[in-house]
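Colleague: My questions will all concern the structure given below.
Chains as they are written, first to last, in the working numbering: chain G, 1 to 89; chain L, 90 to 391.
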């Protein structure tokens, strides 16, 4: 077994919860194709959940640092800005 | 500053063993750049340098596609009625002028008033609305995907159709409104029941509404100005701001996903242990954003 596979198995519950949130968000986007308010809210919730997940995950694995939090915040901000500029233009 | 492409995409000594484009500072820089580009695109749109949403909306194409859907469902095609076209255009102009996005105006004017204003004495009438669609096919597909709008489009009660396409600002945002009016003249039907049914309160499911003001007089002051029609048929504009934004965003996300894959592959191969966020988490988040970019539709229907 490769190390990455071992890690994936070890983190499986965390991965499943994170991917579940993203899957639900994508489904909301499909179901509410023409409701911008719902879509923006779902995007904001997904971005927030992503940062929260990162903090909790790294806290549990005892490797949480300010740099890690900033990294998750940067990706979340990027995703949110891209989504909002597309939806609310 | 290291401009070597490998510095941006491959983990190595020069970038602290992490692709430079994946550094938090680089991500924040990308966010600022995207916002700047967005401001530039909006500015260009306001100056008319890029397409407004209406440029590809041809009323006749909306009618053609509507009739295509009807024929696919075994219904007879609707005939374009110029009076309905004018009434639809007047409704759209009213929405822009008064700044509302609804079937009923803030001062309580129902869609049916526009039918009457232009002397269309109807037995059946219906209204579908759409805004911000970059082409007629997207708007028609959106209506067909909504059961209430689909019911209007595929109703056998209607014989005529009118389309109004109006450019303008709603709540300060550039937009294009498509008003789709359906109707059947009172004279074209043999009334089975002499008593008219009650006027519906929930649009767009509209039907069997008796005209309250069957005056045939057309008030010229209500007629829409030439501005919306000119904007709607302008041939010089080719690309919508929405598509520009989507293309740029798709490019950025794709590059970041590729960088993440390469970065993870190299780190695994070199068996390096690195502090930082989980690559699979970033990958999933960017994947979701990519899916949203593909799913996102620019238009709204009512």
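All C-beta atoms, glycine included, are put in the ideal place defined by N, C-alpha and C.
How far does the beta strand (DSSP E) with residue 217 (chain L) in it reach, from first residue to last?
Modeller: By one-based count along the second chain, residue 217 (chain L) stands at place 128. Start and end: 211-220.
Colleague: Would you call the stretch 146-162 of chain L in contact with the stretch 181-195 of chain L, where contact means no fewer than 3 C-beta pairs closer than 8 Å?
Modeller: The answer is no - the stretch 181-195 of chain L does not touch the stretch 146-162 of chain L, with fewer than three Cβ pairs under 8 Å.
Colleague: Note the first and the last residue of the continuous beta strand (DSSP E) segment covering residue 250 (chain L).
Modeller: One-based indexing of the second chain puts residue 250 (chain L) at position 161. Where residue 250 (chain L) is concerned, the enclosing beta strand (DSSP E) stretches over 249-259.
Colleague: Just reading off the alpha helix (DSSP H) that residue 275 (chain L) is part of, what are its end residues?
Modeller: For the purposes of this step, residue 275 (chain L) is identified with residue 186 of the second chain, where counting begins at 1. Element bounds for residue 275 (chain L): n/a, residue is neither H nor E.
Colleague: Can you tell me whether DSSP reads residue 389 (chain L) as helix, strand or coil?
Modeller: Counted from its first residue, the second chain places residue 389 (chain L) at position 300. Strand, per DSSP.
Colleague: So, using beta-carbon positions, are residue 177 (chain L) and residue 252 (chain L) closer together than 7 Å?
Modeller: Your numbering for residue 177 (chain L) matches position 88 in the second chain. Your numbering for residue 252 (chain L) matches position 163 in the second chain. Yes, these two residues count as a Cβ contact at 7 Å.
Colleague: When DSSP labels each residue in this structure, what does residue 269 (chain L) get in the three-state scheme?
Modeller: Start at 1 with the first residue of the second chain, and residue 269 (chain L) comes out as number 180. Strand.
Colleague: Tell me, please, whether the CB atom of residue 82 (chain G) is closer than 7 Å to any CB atom in chain L?
Modeller: Within the first chain, residue 82 (chain G) is the residue found at index 82, counting from 1. So yes, residue 82 (chain G) belongs to the interface.
Colleague: Taking the runs of the beta strand (DSSP E) that are 3 residues or longer, which of them lie wholly in the stretch 146-205 of chain L?
Modeller: Here no run is fully enclosed.
Colleague: List, in chain order, every chain L residue whose beta-carbon is nearer than 7 Å to that of residue 20 (chain G).
Modeller: Here residue 20 (chain G) refers to the residue found at position 20 of the first chain. Correct list: empty, because the minimum Cβ distance to chain L is about 10 Å.
Colleague: On the three-state DSSP scale, how would you describe residue 85 (chain G)?
Modeller: One-based indexing of the first chain puts residue 85 (chain G) at position 85. Helix at residue 85 (chain G).
Colleague: Should residue 174 (chain L) be labelled buried (16 or more other beta-carbon atoms within 10 Å of its own) or exposed?
Modeller: Indexing the second chain from 1 puts residue 174 (chain L) at position 85. Flag for residue 174 (chain L) reads buried.
Colleague: Residues in the same chain with beta-carbon distance under 8 Å from residue 123 (chain L), minus the five sequence neighbours each way, listed in chain order, please.
Modeller: Counted from its first residue, the second chain places residue 123 (chain L) at position 34. 337, 338 and 341, listed in sequence order.
Colleague: I think residue 347 (chain L) touches residue 257 (chain L), with their Cβ atoms under 8 Å apart; what is that distance to the nearest whole Å?
Modeller: Taking the first residue of the second chain as 1, we reach residue 347 (chain L) at position 258. Taking the first residue of the second chain as 1, we reach residue 257 (chain L) at position 168. With a Cβ gap of about 41 Å, residue 347 (chain L) and residue 257 (chain L) do not count as contacting.
Colleague: With distance defined between alpha-carbon atoms, name the residue in L:152, L:259, L:126 and L:250 nearest to residue 188 (chain L).
Modeller: Taking the first residue of the second chain as position 1, residue 188 (chain L) is located at position 99. Among L:152, L:259, L:126 and L:250, the Cα nearest to that of residue 188 (chain L) is on L:259.
Colleague: Hey, could you find the ends of the alpha helix (DSSP H) residue 238 (chain L) is sitting in?
Modeller: Here residue 238 (chain L) corresponds to residue number 149 of the second chain, with the count starting at 1. Element bounds for residue 238 (chain L): 236-242.
Colleague: If you check the beta carbons only, do residue 100 (chain L) and residue 356 (chain L) fall under 7 Å apart?
Modeller: Working through the second chain from its first residue, we reach residue 100 (chain L) at position 11. Working through the second chain from its first residue, we reach residue 356 (chain L) at position 267. Cβ atoms of residue 100 (chain L) and residue 356 (chain L): closer than 7 Å.
Colleague: In whole angstroms, what is the alpha-carbon distance linking residue 312 (chain L) and residue 179 (chain L)?
Modeller: Your numbering for residue 312 (chain L) matches position 223 in the second chain. Your numbering for residue 179 (chain L) matches position 90 in the second chain. Only weak support exists for where residue 312 (chain L) lies, its pLDDT of 35 falling under 50; the coordinates are left without a value.
Colleague: Return the CA-CA distance between residue 242 (chain L) and residue 46 (chain G), expressed in angstroms with no decimal places.
Modeller: Reading the second chain from its first residue, position 153 is the one you call residue 242 (chain L). Reading the first chain from its first residue, position 46 is the one you call residue 46 (chain G). C-alpha separation (whole angstroms): 36 Å.
Colleague: At the level of alpha carbons, what is the spacing between residue 330 (chain L) and residue 147 (chain L)?
Modeller: On the second chain, position 241 is the one that residue 330 (chain L) refers to. On the second chain, position 58 is the one that residue 147 (chain L) refers to. In a straight line, the C-alpha of residue 330 (chain L) is about 18 Å away from that of residue 147 (chain L).
Colleague: Could you spell out the range, first to last residue, of the alpha helix (DSSP H) harbouring residue 352 (chain L)?
Modeller: Your numbering for residue 352 (chain L) matches position 263 in the second chain. Element bounds for residue 352 (chain L): 330-359.
Colleague: What does residue 120 (chain L) reach in chain G if we use C-beta pairs closer than 8 Å?
Modeller: The count along the second chain starts at 1 and reaches residue 120 (chain L) at position 31. Under the 8 Å cutoff, chain G gives 74, 77, 78 and 81.
Colleague: Exposed or buried, what is residue 6 (chain G) when buried is set at 16 or more other beta-carbons lying within 10 Å of its beta-carbon?
Modeller: Stepping through the first chain from its first residue, residue 6 (chain G) is reached at position 6. Exposed.
Colleague: Might you give, ordered along the chain, the residues of its own chain that have their beta carbon closer than 6 Å to the beta carbon of residue 89 (chain L), omitting 5 neighbours on each side?
Modeller: In the structure as shown, chain L starts at 90 and stops at 391, and residue 89 (chain L) therefore has no counterpart that could be examined.
Colleague: Going by beta-carbon coordinates alone, are residue 247 (chain L) and residue 271 (chain L) separated by less than 7 Å?
Modeller: Here the question's residue 247 (chain L) lines up with position 158 in the second chain. Here the question's residue 271 (chain L) lines up with position 182 in the second chain. Yes, Cβ-Cβ distance for residue 247 (chain L) and residue 271 (chain L) is below 7 Å.
Colleague: Have a look at the DSSP bridge pairing and note the partners of residue 264 (chain L).
Modeller: On the second chain, residue 264 (chain L) is found 175 positions in, with the first residue counted as 1. Beta-bridge pairing links residue 264 (chain L) to L:257.
Colleague: Is residue 94 (chain L) helix, strand or coil when you go by DSSP?
Modeller: Here residue 94 (chain L) refers to the residue found at position 5 when the second chain is read from its first residue. Reduced to three states, the DSSP call for residue 94 (chain L) is helix.
Colleague: I want to verify the contact list: residues of chain L whose CB lies under 9 Å from the CB of residue 55 (chain G), in sequence order.
Modeller: As a first step, residue 55 (chain G) is located in the first chain; it is residue number 55 there, counting from the start. In chain order: nothing, as chain L lies at least about 10 Å away.
Colleague: Taking the alpha carbon of residue 386 (chain L) as the reference point, which residue from G:23, G:18 and G:33 has its own alpha carbon closest?
Modeller: As a first step, residue 386 (chain L) is located in the second chain; it is residue number 297 there, counting from the start. Checked all of G:23, G:18 and G:33; the closest Cα to residue 386 (chain L) is G:33.
Colleague: Using a Cβ-Cβ cutoff of 8 Å, what residues of the stretch 240-260 of chain L are near chain G? List them in chain order.
Modeller: Per Cβ criterion, the list is empty.
Colleague: Could you pull the start and end residues of the alpha helix (DSSP H) that residue 362 (chain L) belongs to?
Modeller: Within the second chain, the letter at position 273 stands for residue 362 (chain L). Residue 362 (chain L) -> no alpha helix (DSSP H), and no H or E assigned at all.
Colleague: Out of L:169, L:344, L:229 and L:117, state which residue places its alpha-carbon closest to the alpha-carbon of residue 220 (chain L).
Modeller: Start at 1 with the first residue of the second chain, and residue 220 (chain L) comes out as number 131. Comparing Cα-Cα distances from residue 220 (chain L) to each of L:169, L:344, L:229 and L:117, the minimum goes to L:229.
Colleague: Could you list which residues in chain G have their beta carbon closer than 9 Å to that of residue 124 (chain L), in chain order?
Modeller: Here residue 124 (chain L) refers to the residue found at position 35 of the second chain. Those within 9 Å of residue 124 (chain L) in chain G are 81 and 85.
Colleague: So with CB distances below 7 Å, who are the chain L contacts of residue 46 (chain G)?
Modeller: Here the question's residue 46 (chain G) lines up with position 46 in the first chain. Within 7 Å Cβ-Cβ: 377.
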